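Protein chains in written order, with UniProt numbering: chain F, 1 to 321; chain A, 1 to 321.
Think of the CB as a built atom: it goes at the ideal place given N, C-alpha and C, for glycine as much as any other residue.
Computed from a prediction, not measured in an experiment: that's the story for all the values here.
Notes to accompany the following structure.
There are 2 protein chains.
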Amino acid sequence: MDTEFDLISRYFRRAAPAGMLGVGDDCALLAPRTGWQMATSTDLLIEGTHFLAEDDPGSLGHKALAVNISDLAAMGAEPLACLLGLSLPRIDHTWLAAFTEGFHCLAQRARCPLIGGDTTRSPAGLVISVTVLGQVPAGQALLRSAARPEDDIWVTGLLGAADVALQLRLGKLPANPDLLAATRDALDRPDPPWSFAPALAGLAHAALDISDGLLQDLGHILEASHCGARLDYARMPIHPAVSRSGLDPDVIQRAVLAGGDVYQLCFTAPSEARDEIQACARRADVLATRVGVIREAPGLHVIDAEGQAVSLPAGGFDHFS
Amino acid sequence: MDTEFDLISRYFRRAAPAGMLGVGDDCALLAPRTGWQMATSTDLLIEGTHFLAEDDPGSLGHKALAVNISDLAAMGAEPLACLLGLSLPRIDHTWLAAFTEGFHCLAQRARCPLIGGDTTRSPAGLVISVTVLGQVPAGQALLRSAARPEDDIWVTGLLGAADVALQLRLGKLPANPDLLAATRDALDRPDPPWSFAPALAGLAHAALDISDGLLQDLGHILEASHCGARLDYARMPIHPAVSRSGLDPDVIQRAVLAGGDVYQLCFTAPSEARDEIQACARRADVLATRVGVIREAPGLHVIDAEGQAVSLPAGGFDHFS
Numbered sequence: 001m002d003t004e005f006d007l008i009s010r011y012f013r014r015a016a017p018a019g020m021l022g023v024g025d026d027c028a029l030l031a032p033r034t035g036w037q038m039a040t041s042t043d044l045l046i047e048g049t050h051f052l053a054e055d056d057p058g059s060l061g062h063k064a065l066a067v068n069i070s071d072l073a074a075m076g077a078e079p080l081a082c083l084l085g086l087s088l089p090r091i092d093h094t095w096l097a098a099f100t101e102g103f104h105c106l107a108q109r110a111r112c113p114l115i116g117g118d119t120t121r122s123p124a125g126l127v128i129s130v131t132v133l134g135q136v137p138a139g140q141a142l143l144r145s146a147a148r149p150e151d152d153i154w155v156t157g158l159l160g161a162a163d164v165a166l167q168l169r170l171g172k173l174p175a176n177p178d179l180l181a182a183t184r185d186a187l188d189r190p191d192p193p194w195s196f197a198p199a200l201a202g203l204a205h206a207a208l209d210i211s212d213g214l215l216q217d218l219g220h221i222l223e224a225s226h227c228g229a230r231l232d233y234a235r236m237p238i239h240p241a242v243s244r245s246g247l248d249p250d251v252i253q254r255a256v257l258a259g260g261d262v263y264q265l266c267f268t269a270p271s272e273a274r275d276e277i278q279a280c281a282r283r284a285d286v287l288a289t290r291v292g293v294i295r296e297a298p299g300l301h302v303i304d305a306e307g308q309a310v311s312l313p314a315g316g317f318d319h320f321s
Numbered sequence: 001m002d003t004e005f006d007l008i009s010r011y012f013r014r015a016a017p018a019g020m021l022g023v024g025d026d027c028a029l030l031a032p033r034t035g036w037q038m039a040t041s042t043d044l045l046i047e048g049t050h051f052l053a054e055d056d057p058g059s060l061g062h063k064a065l066a067v068n069i070s071d072l073a074a075m076g077a078e079p080l081a082c083l084l085g086l087s088l089p090r091i092d093h094t095w096l097a098a099f100t101e102g103f104h105c106l107a108q109r110a111r112c113p114l115i116g117g118d119t120t121r122s123p124a125g126l127v128i129s130v131t132v133l134g135q136v137p138a139g140q141a142l143l144r145s146a147a148r149p150e151d152d153i154w155v156t157g158l159l160g161a162a163d164v165a166l167q168l169r170l171g172k173l174p175a176n177p178d179l180l181a182a183t184r185d186a187l188d189r190p191d192p193p194w195s196f197a198p199a200l201a202g203l204a205h206a207a208l209d210i211s212d213g214l215l216q217d218l219g220h221i222l223e224a225s226h227c228g229a230r231l232d233y234a235r236m237p238i239h240p241a242v243s244r245s246g247l248d249p250d251v252i253q254r255a256v257l258a259g260g261d262v263y264q265l266c267f268t269a270p271s272e273a274r275d276e277i278q279a280c281a282r283r284a285d286v287l288a289t290r291v292g293v294i295r296e297a298p299g300l301h302v303i304d305a306e307g308q309a310v311s312l313p314a315g316g317f318d319h320f321s
């Protein structure tokens, strides 16, 4: 019979980086650089709500960490370390090996090593909790409340693919294996801009990740910053597989503006910072696109290429509605 | 319909202490004192494994945080802040109000404010994840590997009550309402020595909390520190309701030596530190008792008042065996 200790040493324990204490004591130990703050966030992923038992375990391990690293990126923080809580209905070594491989692989790439956690049995279904710890120079974190009128509005990465993949998988769009193959990685293996985001601290103003959809998430910035915005739909960096999919333009527009599960950033920055932002994005191999502007007057308006108002899809994703 | 945002503002959001950013952005922000390290730990509590749906929600809120604060205490760290992940089968305002009251009440008393989290729906059962963040002077954390031969072995608080309450509740001991009333708080409302533990950093050597039972947990220290120990059963601070319960001495001995869920410390310290440890314990209103000694020779021996070997109950609690 495998004990909790066997599982920890087989799947979770890795050498901790210099200056940290990792898995094996009551707590992990780490320190931010002198004069820096720690940023921290936690997510709970529940079987049946956020994923299904039959989902690919490697992708699940990757995504469980990615959605949390995305929260660090949204503060302009660089990853330091993470904690993993895992509750299992049964011990399935094939599943555990693939899950932890997906998790550790991103952890290593993003320099966010696993330094602690909890493993336990769950009678009902699989539960994954991830807590990330990052660091950002004191006072430079990108807050939702920091957008200012005339700021450019930027997004990183491409929009529309995660939502199209989800709708295809749910059968809400007609089956299209080629389109699913081209969009599924956006949904299953999101790659938040962890190497680019720290460059925004001290350069950009407000930021968040597009987990609930661009309109809803930008709405959080506008509410917290007491301002409004205009988005130019023609500027949106739509995933090319979505643009050329032949899907109804309204379906694409909904995917781009309201589709959630996009672990990329929406941020605002003064127009003087445009060149430096683009230079940082090139260095990090991240696509950064200006899609609109913050305005003093409240309200969120989207205009098309002719300057006409685009009618907006209702709401984003809420975990309880 | 309550949205996730409604629940957050009603039950979870509290003013963050000066210098921290609390609930409401992608991450919380905080910093340890200059020259201190952060200590962090996470626990997953699952309905059906760690608690039952009908358990008192106020006690559950208290205990979910207490077991994590206990991990900080076991490093000699003082609490800084915590994160709460909560996954709910349904929204029950009576339950949520009582749970968060129990949680916030301990958070305030232990100066461990809630600064972030995640709330989501769970189809199967209630899931609680708590992550704590604490701070300890760099290099002074109490590690499991730091016990040295001739160290005194100490425990805080009283032993035996949590296990007796659990056995009574499981029906494994004959029903005894008075005994249950006298012991249930040890199980349901554990009060880890969070105000005493930071005084041990720099004074004691090794420490951990007695979550899996004294013998198993001390075994972890001995294994990590490559040494052995002798415990004096006659010195054990047995809860008075247990001592005078009339229970079979073997049942009591098992509860004292192997009973888990005791969120108190077992720690080792040089004999020169005895007076200072007792003075610190008095100031913190914590009972600290010397119960044995670390020895160079491997092996864990328990002797009775006559110096005779006590036969040991098998193992502690493992979440997968």
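I'd like to know whether the C-beta atoms of residue i and residue j end up nearer to each other than 8 Å.
{"i": "Trp194 of chain A", "j": "Leu88 of chain A", "result": "no"}
{"i": "Lys63 of chain F", "j": "Asp188 of chain F", "result": "yes"}
{"i": "Arg184 of chain A", "j": "Ala165 of chain A", "result": "yes"}
{"i": "Gly76 of chain F", "j": "Val136 of chain F", "result": "yes"}
{"i": "Val302 of chain A", "j": "Leu257 of chain A", "result": "yes"}
{"i": "Val23 of chain A", "j": "Arg13 of chain A", "result": "yes"}
{"i": "His239 of chain F", "j": "Leu158 of chain F", "result": "yes"}
{"i": "Thr42 of chain A", "j": "Gly116 of chain F", "result": "yes"}
{"i": "Leu84 of chain A", "j": "Leu114 of chain A", "result": "yes"}
{"i": "Leu106 of chain F", "j": "Leu60 of chain F", "result": "no"}
{"i": "Cys280 of chain F", "j": "Ala147 of chain F", "result": "no"}
{"i": "Ala229 of chain A", "j": "Arg295 of chain A", "result": "yes"}
{"i": "Trp95 of chain F", "j": "Ile277 of chain F", "result": "no"}
{"i": "Thr268 of chain F", "j": "Ile46 of chain A", "result": "no"}
Determine the chain F residues that contact residue i at a beta-carbon separation under 7 Å, and present them in chain order.
{"i": "Ser122 of chain A", "result": "Ile46, Thr49"}
{"i": "Leu208 of chain A", "result": "Asp26"}
{"i": "Arg10 of chain A", "result": "By Cβ distance, chain F contributes nothing, its closest Cβ being about 12 Å from Arg10 of chain A, past 7 Å."}
{"i": "Thr131 of chain A", "result": "Thr42, Leu83, Thr131"}
Using the beta-carbon of each residue, which ones in chain F are nearer than 9 Å to residue i?
{"i": "residue 322 of chain A", "result": "Nothing in the structure corresponds to residue 322 of chain A, since chain A is present only between 1 and 321."}
Who are the neighbours of residue i on chain A, taking C-beta pairs under 9 Å?
{"i": "Pro32 of chain F", "result": "Ala31, Pro32, Met38"}
Kindly indicate if chain F contains any beta-carbon less than 8 Å away from that of residue i.
{"i": "Gly85 of chain A", "result": "yes"}
{"i": "Thr94 of chain A", "result": "no"}
{"i": "Leu143 of chain A", "result": "yes"}
{"i": "Leu72 of chain A", "result": "yes"}
{"i": "Arg14 of chain A", "result": "no"}
Take residue i as the anchor and find which of the options has the nearest alpha-carbon.
{"i": "Gly48 of chain A", "options": "F:Val286, F:Gly125, F:Gly157", "result": "F:Gly125"}
{"i": "Leu170 of chain F", "options": "F:Ser245, F:Phe51, F:Gln108", "result": "F:Phe51"}
{"i": "Ala206 of chain A", "options": "A:Gly213, A:Gln216, A:Ser9, A:His220", "result": "A:His220"}
{"i": "Arg33 of chain F", "options": "F:Ala138, F:Gly24, F:Leu83", "result": "F:Ala138"}
{"i": "Pro192 of chain A", "options": "A:Gly61, A:Phe267, A:Ala74", "result": "A:Ala74"}
{"i": "Leu44 of chain F", "options": "A:Thr268, A:Cys227, A:Gly307, A:Ser122", "result": "A:Ser122"}
{"i": "Thr156 of chain F", "options": "F:Ala16, F:Arg290, F:Ile128, F:Ala53", "result": "F:Arg290"}
{"i": "Gly259 of chain F", "options": "F:Trp36, F:Asn176, F:Cys82, F:Gly213", "result": "F:Gly213"}
{"i": "Gly307 of chain A", "options": "A:Ile69, A:Pro190, A:Tyr233", "result": "A:Tyr233"}
{"i": "Leu7 of chain A", "options": "A:Ile91, A:Gln37, A:Trp36", "result": "A:Ile91"}
{"i": "Ala186 of chain A", "options": "A:Leu30, A:Ala241, A:Cys112", "result": "A:Ala241"}
{"i": "Trp36 of chain F", "options": "A:Ala31, A:Phe267, A:Met38, A:Ala175", "result": "A:Ala31"}
{"i": "Arg274 of chain A", "options": "A:Ser225, A:Ala224, A:Gly292, A:Gly102", "result": "A:Gly292"}
{"i": "Val67 of chain F", "options": "F:Asp118, F:Ile277, F:Ile128", "result": "F:Ile128"}
{"i": "Arg111 of chain A", "options": "A:Ile69, A:Asp25, A:Tyr263, A:Gln167", "result": "A:Ile69"}
{"i": "His93 of chain A", "options": "A:Arg109, A:Asp304, A:Leu173, A:Gly58", "result": "A:Gly58"}
{"i": "Met236 of chain F", "options": "F:Leu222, F:Leu215, F:Leu179", "result": "F:Leu215"}
Residues of chain F with a CB under 8 Å from the CB of residue i: which are they?
{"i": "Asp43 of chain A", "result": "Gly85, Asp118"}
{"i": "Ala138 of chain A", "result": "Ala31"}
Within the 8 Å Cβ cut-off, does residue i reach chain A?
{"i": "Asp55 of chain F", "result": "no"}
{"i": "Met75 of chain F", "result": "yes"}
Taking a Cβ distance cut-off of 7 Å, strictly less, list which residues of the UniProt domain "PurM-like C-terminal" (149-303) of chain F are near chain A, in chain order.
-> Leu208, Asp209
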